[in-house]
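Below is one structure, written out as structure tokens, with a few remarks after it.
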Amino acid sequence: MTSEALSCLYVYRPNSFGSRPTTTVKTSATINLHAPFLPVVSLTLLVDIEANATEADVELQVIAPLLTSGSCLEIPHTSIKGKSYLAPSVLDKAGGKARGYFPDFSIWELGFAVMVVEAKAPGVPVEVGFREAQLYARHLNAEYKSGLNPCHYILASNGKQVAYGAWDTNRSRVVNVADLKPGTIELEAFVQFCHHRVLLAHAQRCLATVRFSRSTQPHTLAGGQALINSKKAFNSFAAELAPTLRRYFTSTTQNDDPDIYQKAYVGSDDVTEYDRILEALLKDRLTSRRPMSEELSPTKAKEPKLAKAISEFRRDRPAAGQLQLITGSVGTGKSLFTRRYKELLQPEDQKKGTHWAFINFNSAPEPLETAHDWLCQQFVDSFHHENPQFDPYANENLTRIFSEDLQKRRGIYDEVEKRISLAESEKTRISDLQEWQKDPRRVALGICRHFTGQRQEAVVVVMDNVDRLDLQSQLGAFTLSLWFLDQSKAFVILQMRDETYERFKNSKPLDTFRSGVVFHIAPPRFLDVVKRRLELSLEYLSRNSPDVLEYQLGSGMRIRYPKSMLGEFLRSIYLELFDRRHNVSRILQGLAGRDIRRALEMFVSILNSGHLREEALTSSAVGAQEIAISEYRILRILMRTEYRFFNNNSGFVSNIFYFDDDWQQPNSFILPEILFWLSDNRKRRGQIGLEGYFSVSNVADELQRRGYVREDVCQACSWLLQKNLIEADHMNQTLVDFADSIKVTAAGFIHLRVLCERLEYLYGVLTVTPISDLRTATAISDYLRRENQTGYISGFQQVRAVELFLEYLKRQFAQLKAAYPEFGHDRAGAAYMIRQVESTVRYFRNPTNQERSRNYLDE
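Reading the sequence shown from the start, the letters are residues 40 to 898 in this note's numbering.
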């Protein structure tokens with residue numbers, strides 16, 4: 040055993056199958072691997088291999104225990120890859136030519152195949168398997184740069200014997216399987232040679248020869264934190280619009296605003312279409328496969344499907360109540376729809392005798408499964424708000440709510456009256472009512488009992504904003520809703536995400552709804568919603584603004600203009616963003632995704648931004664014919680919002696060249712590689728059966744062959760999730776593990792396909808892009824310093840900074856290609872990104888050159 044391996048720190052916690060051991064190797068860095076082992080088989084069983092056993096028997100009964108057993112090599116199953124993982128190769132097998140050979144197993148650590156394992160049937164000499172594995176290891180090592188030989192360890196077995204040794208030796212150590220027993224010298228020597236901690240130490244040494252140096256972000260050389268924290272004041276023109284924009288675009292109480300649900304709702308008859316690719320990414324593609332799903336089609340005056348469901352509930356009065364699911368993605372307007380239905384779309388004959396309550400799960404406590412009192416109190420408060428004519432705490436109503444309880448206590452009241460007095464009996468009754476009204480469960484269920492039982496009317500309870508919770512909380516809300524349904528016998532509307540329902544409809548607790556009809560609501564387009572909100576804003580402004588307004592230009596000149604021009608300004612901006620033939624509309628819609636709230640915030644940011652000069656907004660007031668807002672300026676606003684420079688939290692756009700120096704093999708290509716793989720496979724079904732969703736483990740395995748470290752991929756996926764460039768099946772936006780499944784979002788696709796071909800984006804992100812070459816970082820920082828001093832930088836200066844970055848990317852690409860043979864395929868993220876940046880520079884230098892290379896993401 041080498042001195043380096045002996046210096047490693049090894050920690051093992053005994054485990055049963057399915058638990059998570061932790062193995063830590065400490066050389067130049069610390070590595071943490073968390074993964075379940077394969078089933079552990081006692082090594083005493085290895086002698087039982089039959090003479091007529093097959094190669095598969097040897098793999099299962101001998102090799103698997105040797106690799107994974109706690110008393111042997113202890114290699115996690117995530118490090119062990121089967122035959123299909125490596126590419127086949129032509130090898131000289133026993134002096135002949137054999138095509139398509141690949142080893143039975145390969146062991147991977149830190150992006151390297153460090154061991155080749157070959158199984159043979161008992162009748163085949165173990166030396167044959169060792170030689171084949173050795174030849175394949177030689178083939179693998181030949182692909183790496185000179186001096187780097189990651190595939191060092193060779194292991195072969197025919198079930199009776201085990202041969203192990205190094206890839207470049209002519210001698211192997213052969214030992215009988217029967218001799219590999221705990222406590223023997225043979226087992227100790229075997230473990231010392233190729234234990235998991237030894238493999239990790241070897242991989243770490245290999246990684247140290249190809250790992251990039253620590254990075255520098257250019258802003259640290261051009262002004263530091265003060266530079267990226269500096270802000271730009273809002274344009275003065277927007278100050279007049281601020282109250283109106285807040286009310287109609289960013290208010291948290293929009294769903295309860297009569298103006299919005301009456302005048303600004305986008306019904307199904309108003310929805311327009313996205314382009315082909317965004318349509319696929321943004322529109323729900325699951326409903327067509329659901330036999331029990333119906334699309335809601337709200338028009339300006341009605342929504343017949345929900346109306347029919349509530350009418351049938353009122354007619355049939357099912358003893359168990361009724362649960363109605365409404366599915367859709369976050370921000371598609373489910374809350375606004377239910378409010379609009381209650382206030383405007385209900386048939387007149389349904390309004391009378393139907394009583395509503397809305398439970399806002401945004402403020403729900405955890406765990407939801409036990410939040411019964413909270414739910415009941417929310418119901419009581421909302422019922423009173425929605426039905427002000429019925430005060431649940433009025434004396435006469437308390438008597439109605441608790442009529443059954445009072446009836447059960449009637450004998451006691453009569454006895455008190457008989458033995459003491461009528462006054463004492465009434466006092467006891469009042470005391471009971473006071474005590475009962477403190478109990479939210481008694482009050483809530485009493486209200487439901489009074490209206491559904493005594494008055495024979497309907498109670499509709501909307502479980503609102505459940506879709507905004509993470510996966511486990513959504514399932515908890517479903518369980519809580521089932522309890523309330525059982526107790527109240529009401530008509531319960533529960534909002535849920537499409538993915539949650541589709542994944543768990545056949546599992547508890549959702550399987551209780553298996554025979555129910557699910558209503559689905561599709562999101563309106565960004566531009567359709569903005570148009571309606573603008574119309575509403577203009578109507579409000581025309582009523583409430585002074586006849587003459589004014590604003591101040593950057594030069595100090597004050598411009599006065601009639602309020603009628605507000606409409607012209609806002610309409611011009613809308614047309615510039617959505618009706619012109621350029622990519623701004625596509626970018627905006629892609630970044631917003633299906634979240635209309637986010638879309639509205641983006642539009643307001645554009646109007647408010649100090650990067651949009653007052654002269655551009657209101658140029659018609661000083662003689663210009665129309666407003667012209669360039670695409671690059673819109674991108675700048677979306678990237679920087681109120682900040683002078685882009686930073687990682689400055690707007691609606693993210694830097695996909697980001698990496699963390701603490702990752703094992705940090706480089707500028709890991710985020711594009713993940714996004715490209717998910718985008719390229721977006722039409723396939725992954726491990727959970729949903730289109731476009733793939734487990735993080737699957738993505739990490741795919742990228743590991745290209746030189747990326749599995750743990751880096753997992754951490755990079757968490758970063759992408761937090762930036763809304765991917766979404767996870769567990770529905771939260773903080774963290775993913777290997778077992779979670781992820782999917783590229785429309786925003787992630789737009790970043791990769793469109794933004795990385797825009798000069799404004801490429802130059803803008805350079806402020807905080809980690810660069811592992813100090814000379815390049817310093818050269819780029821000079822351009823940032825220039826912009827900071829003058830407030831402006833020309834397009835030629837921007838493209839020169841991007842060219843410096845491109846040269847750096849190409850050098851990094853070449854180094855990774857030399858280090859990892861599978862890195863840099865044409866149809867992969869790194870090569871794709873290089874082509875995107877090259878295209879940007881080429882187009883700027885020669886705009887008439889329309890040459891475009893094949894773009895796989897358009898297929």
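All residues carry an ideal CB built from backbone N, CA and C; glycine is no exception.
List the DSSP bridge partners of L588.
Looking up residue 588 in the sequence shown gives position 549. For L588, which the question treats as bridged, DSSP gives the partners Y600.
Can you list the beta strand (DSSP E) stretches of 3 or more residues lying completely in the segment 681-769, in chain order?
Unbroken beta strand (DSSP E) runs of no fewer than 3 residues, entirely contained in the segment 681-769, are found at 765-767, following chain order.
Whole-angstrom C-beta distance between R824 and A261, which should lie under 8 Å:
Locating residue 261 in the sequence shown gives position 222, where the first residue counts as 1. Locating residue 824 in the sequence shown gives position 785, where the first residue counts as 1. Sure, about 4 Å apart at Cβ, within 8 Å.
Among the residues of its own chain, which have a CB less than 7 Å from the CB of T283, if the five just before and after it don't count?
Walking along the sequence shown from the start, residue 283 turns up at place 244. Here the set comprises S576, Y579, L580.
Short of 7 Å in beta carbon distance, which residues of its chain neighbour Y613, apart from the five on each side in sequence? Order them along the chain.
Here residue 613 refers to the residue found at position 574 when the sequence shown is read from its first residue. The beta carbon of Y613 sits closer than 7 Å to those of V569, K570, L573, all from its chain and outside the five residues before and after it, given in chain order.
Is S332 helix, strand or coil when you go by DSSP?
Residue mapping note: residue 332 aligns to position 293 of the sequence shown, counting from 1. Looking at S332 - three-state DSSP - the assignment turns out to be strand.
Tell me the residue span of the alpha helix (DSSP H) that contains I451.
Taking the sequence shown and counting its residues from 1, the one referred to as residue 451 is at position 412. Here the alpha helix (DSSP H) through I451 covers 449-458.
Beta-carbon proximity check, V196 vs V101, cutoff 7 Å
Taking the sequence shown and counting its residues from 1, one reaches residue 196 at position 157. Taking the sequence shown and counting its residues from 1, one reaches residue 101 at position 62. For the sequence presented, residue 196 should be read as Ser rather than Val. Against a cut-off of 7 Å, the Cβ pair of V101 and S196 comes out as a contact.
Where in the segment 372-416 do unbroken runs of the alpha helix (DSSP H), each at least 4 residues long, occur, reported from the N-terminal end onward?
You should have 373-379, 387-390.
Whole angstroms is fine: what's the gap from R210's alpha carbon to V155's?
Counted from its first residue, the sequence shown places residue 210 at position 171. Counted from its first residue, the sequence shown places residue 155 at position 116. Straight-line Cα distance between these residues: approximately 16 Å.
Rounded to whole angstroms, what is the Cα-Cα separation between P886 and K270?
Position 847 of the sequence shown, counted from the first residue, corresponds to residue 886. Position 231 of the sequence shown, counted from the first residue, corresponds to residue 270. Between the alpha carbons of P886 and K270 lies a distance of about 33 Å.
Locate the beta strand (DSSP E) running through L362, then write down its first and last residues.
Numbered from its first residue, the sequence shown carries residue 362 at position 323. Here the beta strand (DSSP E) through L362 covers 361-366.
Mind checking D897: buried by the 16 CB within 10 Å criterion, or exposed?
The count along the sequence shown starts at 1 and reaches residue 897 at position 858. Counting other Cβ atoms within 10 Å of its Cβ, D897 stays below 16 and is therefore classed as exposed.
Can you tell me whether N215 is buried or exposed, with buried defined as 16 or more other CB within 10 angstroms of its CB?
Position 176 of the sequence shown, counted from the first residue, corresponds to residue 215. With fewer than 16 other Cβ atoms within 10 Å, it is exposed.
What would DSSP say about T25, mapped onto helix, strand or coil?
Any property of residue 25 remains undetermined from this structure, which presents the chain solely from 40 to 898.
Mind the definition here: the segment 362-381 touches the segment 440-447 only if three or more C-beta pairs lie below 8 Å; say whether that holds.
Fewer than three pairs of CB atoms, one per stretch, sit closer than 8 Å, so the segment 362-381 makes no contact with the segment 440-447.
According to DSSP, which residues form a beta bridge with H559?
In the sequence shown, the residue the question calls residue 559 occupies position 520. According to DSSP, H559 bridges with E334, T366.
State the Cα-Cα distance for the pair T107 and P115, rounded to the nearest angstrom.
Taking the sequence shown and counting its residues from 1, one reaches residue 107 at position 68. Taking the sequence shown and counting its residues from 1, one reaches residue 115 at position 76. T107 and P115 have their C-alpha atoms spaced approximately 6 Å apart.
Count the other C-beta atoms from every protein chain shown that fall within 10 angstroms of the C-beta of M6, then say buried if there are 16 or more, exposed otherwise.
In the structure as shown, the chain starts at 40 and stops at 898, and residue 6 therefore has no counterpart that could be examined.
Over what stretch of residues does the beta strand (DSSP E) that includes A92 continue unbroken?
Against the sequence shown, residue 92 aligns to sequence position 53. No beta strand (DSSP E) contains A92, which DSSP labels as neither H nor E.
Exposed or buried, what is I224 when buried is set at 16 or more other beta-carbons lying within 10 Å of its beta-carbon?
Your numbering for residue 224 matches position 185 in the sequence shown. Around the Cβ of I224, a 10 Å sphere holds fewer than 16 other Cβ atoms; the residue is exposed.
Rounded C-alpha distance that separates A205 from P189:
Numbered from 1 along the sequence shown, position 166 holds the residue referred to as residue 205. Numbered from 1 along the sequence shown, position 150 holds the residue referred to as residue 189. Looking at the two C-alpha atoms, the distance is approximately 11 Å.
Taking only the alpha-carbon atoms, compute the straight-line gap between P104 and V230 and give it to the nearest angstrom.
Within the sequence shown, residue 104 is the residue found at index 65, counting from 1. Within the sequence shown, residue 230 is the residue found at index 191, counting from 1. Roughly 13 Å separates the two Cα atoms.
From which residue to which residue does the alpha helix (DSSP H) around K782 run?
As a working note, residue 782 is residue 743 in the sequence shown. Counting along the chain, K782 sits inside no alpha helix (DSSP H); it lies in the beta strand (DSSP E) bounded by residues 780-783.
Report the residue from W702, R721, Y175, L407 whose alpha carbon sits nearest the alpha carbon of W758.
One-based indexing of the sequence shown puts residue 758 at position 719. Cα-wise, what sits closest to W758 is W702.
C-alpha distance - F691 paired with L630, whole-angstrom precision
For the purposes of this step, residue 691 is taken as residue 652 along the sequence shown, with counting starting at 1. For the purposes of this step, residue 630 is taken as residue 591 along the sequence shown, with counting starting at 1. Distance between the alpha carbons of F691 and L630: 7 Å.
Assign N37 to one of two classes, buried (16 or more other C-beta atoms within 10 Å of its C-beta) or exposed (fewer than that).
The structure shown does not extend to residue 37, since the chain is modelled only from 40 through 898, so no value can be given for it.
Hey, out of S689, P164, R244, S110, whose CA is closest to P221's CA?
If you number the sequence shown from 1, residue 221 lands on position 182. The option with the nearest alpha carbon to P221 is S110.
Assumed close pair Q754, D699 - CB separation to whole angstroms, cut-off 8 Å
For the purposes of this step, residue 754 is taken as the residue at position 715 of the sequence shown. For the purposes of this step, residue 699 is taken as the residue at position 660 of the sequence shown. Sure, about 7 Å apart at Cβ, within 8 Å.
Three-state secondary structure (DSSP) of E157:
Here the question's residue 157 lines up with position 118 in the sequence shown. Here E157 sits in strand by DSSP.
Out of C245, K849, I676, which one is the CA nearest neighbour of V623?
For the purposes of this step, residue 623 is taken as the residue at position 584 of the sequence shown. Cα-wise, what sits closest to V623 is I676.
Within 10 angstroms of its Cβ, does V587 collect 16 or more other Cβ (buried), or is it exposed?
Locating residue 587 in the sequence shown gives position 548, where the first residue counts as 1. Classification of V587: exposed, given that the 10 Å Cβ count is below 16.
Measuring alpha carbon to alpha carbon, tell me which of K120, I88, E766 ends up nearest Q743.
As a first step, residue 743 must be located in the sequence shown, where it is residue number 704. For the options K120, I88, E766, the alpha carbon positioned closest to that of Q743 is the one of K120.
Three-state secondary structure (DSSP) of D503
As a working mapping, residue 503 is identified with position 464 in the sequence shown. DSSP, read as helix, strand or coil, puts D503 in strand.
Could you give the C-beta distance for H790 and D779, rounded to a whole number, given that I count them as a contact under 8 Å?
The count along the sequence shown starts at 1 and reaches residue 790 at position 751. The count along the sequence shown starts at 1 and reaches residue 779 at position 740. With a Cβ gap of about 21 Å, H790 and D779 do not count as contacting.
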